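Residue numbers (the UniProt record's numbering): 1 to 326.
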């Protein structure tokens, strides 16, 4: 990625989503506001040479960039006199969405060391409603964010949540990004940054009474993004030998401990009735829905053995699934 590419990328991002950058001019972006947004991005990354060309944002330069944007992104940025720039297309193409995602992920890796306290990364797709870079800056600077979130059934029964929140942490899991944010009404809430986000705006006003947040402590007993309030407990899981090696290198959870190794570590045949191919691990977590989904992901290769109520919880869901195929 070159500094010129990044400048053109941000020109497109700012014009296509101006509210994120504090520009509210009925969808238009005046030249001075565009230049100011680019200058702020440069100032926030003053020691990073990747951002050095963002301050080269004169009218002639931007005009040349608009031509490049049209050619590369297949997106036309038009200008209305006395109003400013705007994007003619209202729907984002899949190719442009892919460019957005890949660029944002690249920037996350580029800033990985300095942002390590604010973000947990893996791999993901990302909604076009939210730009991760200014959002991470908002977390760092403790700026308020204003959002409207129209939940699905799993989000407290299609509940719509709107208001100002302190952004606390970004977490990627199961190919989706989540923002953990806080306000007095909802406490800490995990917003999935997909189509459920209807509006999103970063407010330059700092949180008056910010709370402290430690992602590791908060998710210490969770296997994913859910915090149900269930008491964590040690769950014992038997694992077939060929998958025991995988879970040794890729633990279910940071609390995972080996209880017993398989007596037969390597076998050519997978005889699940053979007790000697089974090892055992234990994890200390909330036995919630995400735990159930994680266990089911491993198919025949794992089985919960205790405590009994967790074993019965898994057994009940497997039984209901079996009924589908009768």
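Glycine is no exception: its CB is placed at the ideal position from the N, C-alpha and C atoms. Note that the structure is a prediction, hence the values are computed from the model and not measured.
Counting the other CB atoms within 10 Å of its CB gives residue 240 a total of 16 or more, which places it among the buried residues.
Annotated three-state conformation of residue 159 is coil, per DSSP.
Across the set 176, 306, 145, the C-alpha of 145 shows the shortest separation from the C-alpha of residue 204. The DSSP-derived three-state label of residue 138 is helix. CA-CA distance, residue 44 to residue 220, rounds to 32 Å. The beta carbons of residue 7 and residue 65 sit closer together than 8 Å. In the DSSP assignment, residue 246 falls within the unbroken alpha helix (DSSP H) covering 241 to 249.
Looking at 57, 230, 77, 172, the one whose alpha-carbon comes closest to that of residue 288 is 230. Within the region 261 to 297, the complete beta strand (DSSP E) segments at least 3 residues long are 278 to 285, listed from N- to C-terminus. Between the alpha carbons of residue 222 and residue 46 lies a gap of roughly 38 Å.
Take residue 15, set aside five residues on each side of it, and the residues of its chain with a beta-carbon closer than 8 Å to its own are 29, 34, 77, 85, 86, 87, in chain order.
By the 16-neighbour rule on beta-carbons within 10 angstroms, residue 131 is buried. Straight-line measurement puts the Cα of residue 51 at about 53 Å from the Cα of residue 311.
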